[in-house]
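Residues in the sequence shown are numbered consecutively from -2, following my numbering. Yeah, the Cβ is synthetic: ideal placement off N, Cα and C, and Gly gets one too. Model, not experiment: these values are computed from the prediction. Contents: one structure, followed by commentary.
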Amino acid sequence: MPQFKPFKGIRPTEETSQEFVTLAVNQYSKEELDYYINNREHSFLHIILPTWDETIQDPKEKFRKVRENFENFISKKILTQDKSSFYIYQVIQPDGRETKGLLGLVNIDDYRQNKIKKHEETLERRVELFADYLKESHFHAEPVLLTYKPAQRVDLLIDTEMKRKPILKIEEENGTQHLLWRVDNRLNLKQLKDSIEKLDELYIADGHHRMESSERYTKFAVENSKDEVYGDEAFNYTLALLVSNEDLIINDYNRLIKDLNGLTPEAFLTALEVDFEIIPKVDELVVPTKKHHIVMYLDGQFYSLYVKNNLLTTEGLSELDTYIFEENVMKPILNIQDSKKDKRVHYECGTRNREGVEALKNKVDHHDYIAAFAFYPVDVKDLQLIADLGLKMPPKSTYIEPKPLSGFAVFDLKE
């Protein structure tokens, strides 16, 4: 049973929240970053600004400066610290889709013991970089996104708390709303903690690198501790947002291909016929309708590719169209052997509808790419199956929401 505990969240006040909280840095363009840095003096971006300050050469010095900025925001009362709490975080999309989750701390030992299960490989460079960041900044401003199988008791407790007024409410320019409730009543804390700890396991939905970096940080902190380590120290935990798999939104992640490895479109189609039933769609934009239905746009025309039964022989990875595509198209036909590094393949987040497919078509029509492939979104049950079997998905198989804002509730590792 995975551990779950409250924490003394450091967060913006009602007055400072709209200006302080931001999207994750990688969701901004350079122009947007420059704009927000110049126009939002008290945003979270100003705390992490040293990370891309080219005048500071030493990475450790950059990260120490981040810590200094964080403490300055606290001293200036831009941020406030709560007593030990859980937080309920809800995202309401402009189209009405709602996702809610429970924000708290999970134990790194549970990750090591596979009570918190993963389904993706990580890149060593990214893991080491964020671990180095944690060693100097000592705080988490973005949670790992975890999911769990439906648990009626957990959902009931969360829904009950959400009947109260949220402590923070923020609206993005596109209309997306983010709401935060604090749970600090002792009885309610115990009920939530007990209900989560009765779950058999948790699954990483998004944030594999962050989780692995947190494990590295914990190992570093234990090895360098001057005091005896008992296991309940802050550095043994990381920040996590727990979302029921019924609330999780998984979007498609699609592929754009630069060239056909020397094949003509006709020869490429012939090669595909070995493993796919191919149905041309003349003058018709097509969206994938189910698992094992892949849509291809090539040479000005759409095609429906249906996976043949000979590829659906084993439980696990054969449930994933991205795996089938990688093993039976990208590697043997296109000679893309390392999809993480090969520049001939580009990954594009989809929208679960026509807009995403139209965006792929436009990039091919403008000769940026020669072909596009759209996939049906991965089912969360398949994600959990892959994790249960100890397997790993191909890179960029899922684009998962919600994407939590940075700085809504910060976990200070020096707590």
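In this structure, how does DSSP classify residue i when only helix, strand and coil are distinguished?
i, result
"Ala356", "helix"
"Ser403", "strand"
"Gln78", "strand"
"Lys132", "helix"
"Gln0", "coil"
"Met415", "Nothing in the structure corresponds to residue 415, since the chain is present only between -2 and 412."
"Lys27", "helix"
"Ala21", "coil"
"Asp96", "Note on residue identity: the sequence assigns Thr, not Asp, to residue 96. Note: Thr96 maps to strand in three-state DSSP."
"Pro47", "helix"
Which first and last residues belong to the alpha helix (DSSP H) in which residue i is found?
i, result
"Met208", "205 to 221"
"Pro277", "Pro277 -> not in any alpha helix (DSSP H); beta strand (DSSP E) instead, spanning 273 to 278."
"Gln149", "149 to 158"
"His43", "41 to 44"
"Leu189", "183 to 194"
"Arg109", "105 to 109"
"Pro262", "262 to 269"
"Val375", "Taken as a continuous stretch (DSSP letters only), Val375 belongs to no alpha helix (DSSP H), as it is neither H nor E."
"Pro56", "56 to 72"
"Ile321", "318 to 322"
Leaving out five residues before and five after residue i in sequence, what residues of the same chain have Cβ atoms less than 7 Å from its Cβ?
i, result
"Asp339", "Ile333"
"Leu76", "Ile7, Arg8, Pro9, Phe70"
"Pro56", "Asp129"
"His290", "Ser301, Tyr303, Tyr373"
Can you give me the Cβ contacts of residue i inside the same chain, cut-off strictly under 8 Å, excluding the 5 residues immediately before and after it?
i, result
"Tyr250", "Thr319, Tyr344, Glu345, Cys346, Gly347, Phe372, Lys393, Ser394, Thr395, Tyr396"
"Arg351", "Leu282, Val284"
"Glu270", "none"
So the beta strand (DSSP E) residue i belongs to, where does it begin and stop?
i, result
"Ser241", "234 to 241"
"Asn251", "250 to 254"
"Pro9", "7 to 9"
Just confirm the distance between the C-beta atoms of residue i and residue j, as a whole number of angstroms; I'd bet it's less than 8 Å.
i, j, result
"Leu84", "Gly6", "Before going on, a small fix: residue 84 reads as Tyr here, not Leu. Right, their Cβ atoms sit about 6 Å apart."
"Asp79", "Arg179", "6 Å"
"Ala356", "Met293", "With a Cβ gap of about 15 Å, Ala356 and Met293 do not count as contacting."
"Asn325", "Asp272", "5 Å"
"His206", "Arg109", "16 Å between Cβ atoms; not a contact."
"Ser301", "Lys278", "6 Å"
Please list, in chain order, all residues of the same chain as residue i whose beta carbon is under 6 Å from its beta carbon, the five residues on each side excluded.
i, result
"Asn111", "none"
"Leu331", "Asn258"
"Ile193", "Phe1"
Requested in this report: May I ask you to verify whether the region 86 to 94 touches the region 164 to 176, counting CB pairs closer than 8 Å and requiring at least 3?
Outcome: yes
(Q) Under 8 Å, with one C-beta from each stretch per pair, do the region 207 to 222 and the region 231 to 250 reach the 3-pair mark? (A) yes
message = Quick test of the definition: if touching needs 3 or more C-beta pairs under 8 Å, does the region 258 to 276 touch the region 219 to 229?
response = With the cut-off at 8 Å, the region 258 to 276 and the region 219 to 229 do not touch.
TODO: Could you tell me whether the region -2 to 17 touches the region 68 to 80, using the rule of 3 or more Cβ pairs below 8 Å?
DONE: yes
Notebook entry, point to check: Between the region 404 to 412 and the region 380 to 387, do three or more beta carbon pairs fall short of 8 Å?
Noted result: no
Next on the checklist: Closer than 8 Å is the cut-off here; do at least three beta carbon pairs connect the region 132 to 149 with the region 399 to 408?
Outcome noted: At 8 Å Cβ cutoff, the stretches touch.
*Please determine if the region 373 to 381 and the region 299 to 311 are in contact, where contact requires at least 3 C-beta pairs separated by less than 8 Å.*
no
- Task: State whether the region 238 to 246 contacts the region 188 to 202, with contact taken as three or more CB pairs (one from each stretch) at a distance under 8 Å.
- Result: yes
Query raised in the report: Are the region 40 to 52 and the region 16 to 26 touching, with three or more C-beta to C-beta distances below 8 Å?
Result: yes
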